[in-house]
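To keep things clear, I will list the structure first and then write my remarks on it.
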Amino acid sequence: RGLRVYGGPLYPMLAAGVTLFGESPRDFLALALLAVIAALWIGAGFLRRAFGPLAAGAFAVLWGASPYLSDAIPHFSHDYLAAPLVALLIWVCWDLLREPDGRDLPLAFLLAGLAAQLYAVNAVFVLLPPAAVALGRARPGLRRWLAGAGALLLTQGFTLAFLIRDSSFAEV
Numbered sequence: 055r056g057l058r059v060y061g062g063p064l065y066p067m068l069a070a071g072v073t074l075f076g077e078s079p080r081d082f083l084a085l086a087l088l089a090v091i092a093a094l095w096i097g098a099g100f101l102r103r104a105f106g107p108l109a110a111g112a113f114a115v116l117w118g119a120s121p122y123l124s125d126a127i128p129h130f131s132h133d134y135l136a137a138p139l140v141a142l143l144i145w146v147c148w149d150l151l152r153e154p155d156g157r158d159l160p161l162a163f164l165l166a167g168l169a170a171q172l173y174a175v176n177a178v179f180v181l182l183p184p185a186a187v188a189l190g191r192a193r194p195g196l197r198r199w200l201a202g203a204g205a206l207l208l209t210q211g212f213t214l215a216f217l218i219r220d221s222s223f224a225e226v
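The following block contains the structure:
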């Protein structure tokens, strides 16, 4: 008996979630709802700022009718928590395209690293901050790049620590 969880980078967070919400997938409903609402709030906020209230309203309607929601709520998985992080990352990278100083570069790398921790396929989002800098007006100095690299390495420290310690499955 017990929930089988990969003993990797998210093991402590998932163990805390199981302790807080219980082992039943139904008990994770609050966490799933939080992720869905956060993604809606961040996505609509970004679209309102970038393209106006009509775009935000259209996003809210499409998000509400999305098949993502019909799967995320009853079958919650840790990778669904990446949705609000990726929405916020897109917002931050949009700002990197427009701002000349690149002050959001460390935040962009931090969000990309956290999203990659939640779901390995999200590692591709680590390419978004450098792409936004290359395509936009931002010309961050060396200190911002180093801070971004540090933020990314900070998130990946969990992975490295658990790879060194244990890369097997564990019982919670």
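In this text, residue positions in the sequence shown follow my numbering: the first is 55, and each later residue adds one. Glycine residues also receive a C-beta, built at the ideal position from the N, C-alpha and C atoms.
Q.
On a Cα-Cα basis, can you pick out the residue from 152, 118, 89 and 137 that is closest to residue 103?
A. Closest by alpha carbon: 152.
Q | C-alpha gap between residue 210 and residue 159, whole angstroms | A | Answer to the nearest angstrom: the Cα atoms are 17 Å apart.
Q. For residue 156, which residues of its own chain have a beta-carbon under 7 Å away from its beta-carbon, when the five flanking residues on both sides are left out?
A. Contacts found: 150, 187, 192, 193, 194 and 198.
Q) How would you call residue 167, buried or exposed, if buried means at least 16 neighbouring beta carbons within 10 angstroms? A) The residue is buried, with at least 16 neighbouring Cβ atoms inside 10 Å.
Q. Is the beta carbon of residue 170 less than 9 Å from the beta carbon of residue 146?
A. No, they are not a contact pair.
Q: Could you tell me if the beta carbon of residue 164 falls within a distance shorter than 8 Å of some heavy atom in the ligand SAM?
A: The ligand SAM is absent from the structure shown, which contains no ligand whatsoever.
Q | residue 102, DSSP secondary structure in three states | A | In this structure, residue 102 counts as helix in the three-state DSSP scheme.
Q. Which whole-angstrom value describes the C-beta separation of residue 101 and residue 109, a residue pair presumed to lie in contact below a C-beta threshold of 8 Å?
A. With 8 Å as the limit, residue 101 and residue 109 qualify as a contact, their Cβ atoms being about 4 Å apart.
Q | Extent of the continuous alpha helix (DSSP H) run through residue 138 | A | Note, residue 138: alpha helix (DSSP H), 136-152.
Q. Helix or strand or just coil, what does DSSP make of residue 110?
A. In the structure shown, the three-state DSSP call for residue 110 is helix.
(Q) Tell me the DSSP secondary structure of residue 192 in three-state form. (A) In this structure, DSSP gives residue 192 a state outside helix and strand, which the three-state scheme calls coil.
Q: Apply the 10 Å Cβ neighbour rule to residue 111 and answer buried if 16 or more other Cβ atoms are within range, or exposed otherwise.
A: Its Cβ having fewer than 16 others within 10 Å, residue 111 is exposed.
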